[in-house]
Structures are given as C-alpha cells and as structure tokens.
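Yeah, the first sequence ends on 583 if you go by numbering that gives the first Met the number 0, and it's all consecutive. For every residue, glycine included, the Cβ atom is placed at its ideal position computed from N, Cα and C. None of the values given here were measured: they were computed from a predicted structure. Report on the structure given below.
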Amino acid sequence: MDYKQTLAQFLASDKVSKDELLPLIVDSDGVRADIAMPCHKLAAKLKKSPVMVAEELRDCIKKAVPEWCADAQAVNGYLNVFLNREFYTRDVLTAILQRGDDFPAAPPNDKTVTIDYSSINIAKPFHIGHLLTTVIGGSLRRIFAFLGYNAVGINHLGDWGTQFGKLIVAVKKWGGGDTIEELSRLYVKFHEEAENDDTLNDEGRKWFKKIEEGDTGALALFRKFKEITLKEAEKVYKTLGVEFDSYAGESFYNDKMAPVVELLENKGLLTESDGAKVVDLKQYDMPPCLILKSDGASLYATRDLAAAIYRKNAYDFNQNLYVVAYQQNLHFRQVFKVLEMMGFDWAGGCKHVPFGMVSLEGGGSLSTRKGNVVLLKDVLAAAVEKAGRIIEEKNPDLEGRDAVAKSVGVGAVIFGAIFNSRIKDVSFSLDKALSFEGETGPYLQYTYARCRSVLSRGEVSGIGYKTEQGSIRGLASYQVSGGGDVCFDPKLADELTDDQTFEVIRLLGGFDGAVAEAAKTYEPSVISRYLMDLAQSFNRFYIDHRVINDDKKMQSARLLLTRCVANVLKNGLKLVLLDAPKKM
RNA sequence: GCGCCAGUAGCUCAGCCGGAUAGAGCAUCGCCCUUCUAAGGCGAGGGUCAGGGGUUCGAAUCCCUUCUGGCGCGCCA
C-alpha cells in the first residue's frame, strides 16, 4: 500500500522521472497531508522557485484528480497530498482480509539465508546473556521464511575445547555432573580450585587430549555433557518458540579445518609470525588473522572459515548471517576479508549481525566461571508465574489459564529483548523483564485479545462475516476472493473515514513495509515497533468508537477493521516469536 | 595509542538513506470502568537532540573536531 510510488508515477513527466521523484516524497503527519513532497530540490533543478513548483504540481493533480487522491495543496514550497480515504481503506482492508487469519508466507524466492544464532556452549548454563542472540536469530529466521526465503537456522554449538577436559577432571575428582546445574557448579569449583593448584589445569588439558584422540571413556563423558546440555537447552528453545535446522558446532568442523589451512597455504596467504600462522591484513588496516597457533592447533577464525565454506557448499546461501555480540566485530571483519582474499566471491554475502552487551543491573558482569549468572529458565518461570497471578486476579475464570500465563509471561521476556535496536547495551533488570504494562509484549497481546473479544460478539450480530458454518451472513452481494473467509464490502469504507479510524488503517497499510525493512536491516525491532504503533492507535480508536452498536452498517465496517487489526497483530507477533492468545 | 560503536525528556528508548511544530513507554501529578477486556484511555509537567564548528533554502539526521561511555586490538571463543 505504498502510495508514494503511485504519486511519483502520477507526477512523472518528460522533465522529471518517477525515480527522481520517489525519494523526495515523504510520509506526512496525516494532518498537514498524508504524503508530501518538499519541492526545493526539484525547484533548484528546474530553476524555478519551490513555491511555483509546488503550485504547478498541485495544479497538475487538480486538473485530473486520480481516484486515490482526495486533495492536493501547495504550502510554502511543499506539495501536500491527501489520500482518498475510502479508496485507501478498500485497498488495505481487502488485501488484509484476503490473506486470511494466518498469513501465508510469500512464494519461494529461490534465495537461501543461513542464520547462525544462539550458539550455546556445552556444559554451561543457558543464561540471560544468550537471550538476545537466541530471540533475534529465531525471529530473523521466521521473518525471512515469511518473505519466501529458504531460512536455515544454525546453532553453532560450542562443543570443543579444553573446558571439557577440565570438566572430566572435576567429575572424576568430586563426582556428580549428571545435571546441568551440577556441571555448572563443577565448572565454577574447578576454576576456584585451579587458582591454587595449577596441576588441575594440566590434567584438564590431558583429558581433552584424550577426547581428541577418541579415548572411549573420555568421549563417553563428553557426549554425556553434550546430551545433558542440549536436553536442557531444547526445553528453553521450545518455550521461546525458537527453532534450528542444524546443530553443527565446533566439533563438527574438526576434520574440515585442515583443507582450509591447506588452501590458504596454496594461495600463499599464510605467513609465519612468532611461530604462528597468520593471514596478514595490514593492507586492509586490520591486525593479522590468526589461523594456527605455534603448536599447530587451530583457532576460532580457522573454524569460522571452515564453517562458512561448509555452509556455502551445503546450503548455497545468498546471505550468511551471524547473530553474535558486537565484541566480535573485528573477528568477523577479518574472517570475511580472508574469505574474500581466498577468492570466494560469495564472501560479500556474509554478514555479522551484532547486538549489545548484557550486564547485570548493579554493575555485575555475567561470568559462567564465577557462577555469576541469571538463568534464563528462572526468568521465564518467574514471568509465567507473575502472569498467572495477574490472570488469577483479573480473569480467574479464564479457560486454559496456564497456557495463557505461559504465552504472556514468556512473551514479556522475549519482547523486552526484541523491542530495542540490537546494538543497545542492556542492563538486565528482572523488574523490567517482568513488566506487563506500556510498551510490552503483554500490551500487544492484550490488544489482540481485546480485538478477539469484540469480534466474538460481532460475529453474532454482524454482517460481513462468514459464520462458523461457512455461510456469509447478510452478504448476498459480497464476493469472497483469496484465502480469507471474510471480505470487505466496498460500500462500508465511508464509515471509516474519521481521523482516528483512518490512522489505524494507515498503519495497517504499513505492515509489509515494516517486515521488509526488518529483513533488510536484520532488525526484528522494526516489527515490534510497528506493532506497538498499531496497537496504540487501535486502542485509541477502541476507546472512542463503539464497535458493537445499533447501526449495522457501521458495526460491520468497524468489525472488519477490528478483524484486520487482529490479524496483523497476530501474524506480526508470530514474526517476533510471540503467541497471540484469544483471551487473557 | 589505534580502530569500531554509542551519547535525544529524571529513566529506557524511537526518529538518523536531510524536510514543515523532536515522539513513545516508565516514573510523578490529575482525570476516565451502571456500554465491546482498565494488562486500557485522556490530560499535565519534563528536551541547549553531549559541546563546538561546517555544508545546505532547510541538520537530531551529512562532514570535521572535542568531550564522555562501551567494546576490540596474536596464539580463548
């Protein structure tokens, strides 16, 4: 529903092309105009005054007012255009209703995007530091899938390294290690003890070597750690609604790094430096990228190179995204540059999607080694518990209250993580994570439930609805097209033209733009913000406009609008991982 | 020291590919449930858009610079 396009097309002439005009046209505030064009740039080009240009364009519209346009004015060098509200309303509402209650994904576009997110470490607890990458990545996966991409979610597990040797030492010495909590305690204890006893570290290294060599005992323990961790993590993923297509992590790439090193060698990219093998990046103003340690062992970058190449071969991606904290900015710039130097033309499709740092309120930093963590499952449990209490208080008879409490509580936590731009640092506050008022997930869910509540009444008395049985009540002349079970009667549009109502409709028309923008910028928050605007606007409409009333035509119009808001909210919420309960 | 990122209301943040009066939420204060869910709505107060230059008809937005904060800069990931 982008009428800027339409306007640009309309105004295009042999003097100015559509493409020149389009970037000049802006959304306006709905009062001075719906869409507007400051004419100063154009005036300079045409060597006329902006006032004159605006007037000429206005006259051009006035001469033959197109059906989508209501009025055009020239004010101080601005061309102000008002949309024909009825026309716009018909356009927008019809399109939304045709998509049905569950918007279908766009047809496949033959493009693949791989997304690396969450990427937890084995034998470490799932804490709030992992929340951002997990939900941002999970949301991006849904957004790209919705847009018709083949979206591949990859959990690049941290399942390799000396820490597993250390854990084995701890298990052998102190026992336990059968649950994630025990593993986490052992990990902390090990580091405490190792402070005074360095031989522990040596033993840890020895045990890790055994894992590498395939020692059955060591391997069995290692696998157990992995199993325990994944089982626990999968519970959290299920709660969050986050999914993966692959769990290929560090251990998966063990046998895939040697060929990469060889390739680097053959291309003459490796140089020796203090005993280590590096790729020099001086000409790109970056420090060298370490490929092999002086003892010949591989490094982080080596693994990421191997993983990127593997992903290209396995998935043939067009875009390869890494949802990883911004601390690793330099690392990814180096890796991508090395890929480019290796001659992979797809290196440009690799993108780091950075996000901010999570710290604990009061200044503490998260540290697994010190045991200074807030477990995600605890936060989620607290949120669900609180949601349950509120339901108990406000709506004790609610059916399925446990499920609703879960949707709302979890929704609050997820939404809190996905509402701000990725790049912002976060000081984690439980109070804020458990906030259900104002700009929160529950606010959106509440608005949706409010819509459903109205609709459940409207379906009894309204026209314009398909009943449960499938007949269309009072709609003999209406045509149903597309996937929706409801259609919009064009005659109803004149009931929805007041400012407050039209503002809701304007916002409804912006849904696809918001989703596209979110994908383009890898920012799920664009969608969260959009939904917030829509919900706020609907709530204002709701307070001032009674939907269920005696004027059946007006009621139908408002019911259909409410239906559209509900559907956009529900489908938008899905893209940012939130459920939309019908009642709460 | 060098590099990257950030600095907008008391707090958390939108707005940043230049446009006409800088917007939300939280917090504070005051209103609105005998009509569709008050997890809601309305109103009030609160801003040198970190400071200073510059470009432009027009700058929170672009450029330069200073300050403040975060992060990174070789054998961890």
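Among residues of its own chain, excluding the 5 on either side of residue i, which ones have a beta-carbon nearer than 8 Å to its beta-carbon?
{"i": "residue 66", "result": "83, 86"}
{"i": "residue 445", "result": "583"}
{"i": "residue 146", "result": "104, 105, 108, 514, 515, 518"}
{"i": "residue 398", "result": "582"}
{"i": "residue 417", "result": "134, 135, 138, 523, 524, 527, 575, 576"}
{"i": "residue 591", "result": "Residue 591 cannot be examined here, being either before or after the span of the chain that is shown, 0 to 583."}
Can you name, in chain order, every residue of its own chain whose Cβ lies under 6 Å from the Cβ of residue i, other than the five neighbours on each side?
{"i": "residue 140", "result": "114, 150, 152"}
{"i": "residue 120", "result": "157"}
{"i": "residue 438", "result": "531"}
{"i": "residue 122", "result": "166, 182, 224, 228"}
{"i": "residue 533", "result": "506"}
{"i": "residue 284", "result": "none"}
Look up residue i in the DSSP assignment and say whether it is helix, strand or coil.
{"i": "residue 133", "result": "helix"}
{"i": "residue 531", "result": "helix"}
{"i": "residue 91", "result": "helix"}
{"i": "residue 536", "result": "helix"}
{"i": "residue 407", "result": "helix"}
{"i": "residue 303", "result": "helix"}
{"i": "residue 250", "result": "helix"}
{"i": "residue 120", "result": "strand"}
{"i": "residue 261", "result": "helix"}
{"i": "residue 373", "result": "coil"}
{"i": "residue 213", "result": "coil"}
{"i": "residue 26", "result": "strand"}
{"i": "residue 245", "result": "strand"}
{"i": "residue 297", "result": "strand"}
{"i": "residue 104", "result": "coil"}
{"i": "residue 566", "result": "helix"}
{"i": "residue 98", "result": "coil"}
{"i": "residue 323", "result": "coil"}
{"i": "residue 227", "result": "helix"}
{"i": "residue 145", "result": "helix"}
{"i": "residue 552", "result": "helix"}
Ignore the nearest five residues each way along the sequence and tell me which others in residue i's own chain have a CB closer than 7 Å to its CB.
{"i": "residue 5", "result": "67"}
{"i": "residue 184", "result": "none"}
{"i": "residue 601", "result": "The requested residue 601 does not occur in the structure, where the chain is confined to residues 0 to 583."}
{"i": "residue 316", "result": "111, 112, 113, 310, 348"}
{"i": "residue 404", "result": "383, 386, 387, 390"}
{"i": "residue 88", "result": "492, 495, 504"}
{"i": "residue 48", "result": "42"}
{"i": "residue 276", "result": "269, 290, 291"}
Provide the residue span of the alpha helix (DSSP H) that contains residue i, from first to last.
{"i": "residue 577", "result": "Here residue 577 belongs to no alpha helix (DSSP H), and DSSP marks it neither H nor E."}
{"i": "residue 335", "result": "328-340"}
{"i": "residue 183", "result": "179-195"}
{"i": "residue 584", "result": "As displayed, the chain neither begins before 0 nor continues past 583, which places residue 584 out of reach and without an answer."}
{"i": "residue 7", "result": "2-10"}
In the DSSP output, which residue or residues are listed as bridge partners for residue i?
{"i": "residue 70", "result": "81"}
{"i": "residue 152", "result": "114"}
{"i": "residue 36", "result": "78"}
{"i": "residue 318", "result": "112"}
{"i": "residue 48", "result": "Paired residue(s): none; residue 48 is not in a bridge."}
{"i": "residue 509", "result": "None, per the DSSP bridge assignment."}
{"i": "residue 126", "result": "374"}
{"i": "residue 176", "result": "Partner(s): none; residue 176 has no beta bridge."}
{"i": "residue 157", "result": "120"}
Tell me the residue span of the beta strand (DSSP E) that contains residue i.
{"i": "residue 350", "result": "349-352"}
{"i": "residue 285", "result": "From DSSP, residue 285 is part of no beta strand (DSSP E); its letter is neither H nor E."}
{"i": "residue 275", "result": "275-278"}
{"i": "residue 271", "result": "269-272"}
{"i": "residue 425", "result": "425-427"}
{"i": "residue 359", "result": "357-359"}
Using the beta-carbon count (16 or more within 10 Å), is residue i buried or exposed?
{"i": "residue 7", "result": "buried"}
{"i": "residue 12", "result": "exposed"}
{"i": "residue 326", "result": "exposed"}
{"i": "residue 598", "result": "Outside the shown range of the chain (0 to 583) lies residue 598, about which nothing can therefore be said."}
{"i": "residue 154", "result": "buried"}
{"i": "residue 441", "result": "buried"}
{"i": "residue 463", "result": "Its pLDDT being 46, under 50, residue 463 is placed unreliably by the model, and the measurement read from it follows with that caveat. Burial call: buried."}
{"i": "residue 329", "result": "exposed"}
{"i": "residue 2", "result": "buried"}
{"i": "residue 22", "result": "exposed"}
{"i": "residue 25", "result": "exposed"}
{"i": "residue 175", "result": "exposed"}
{"i": "residue 196", "result": "exposed"}
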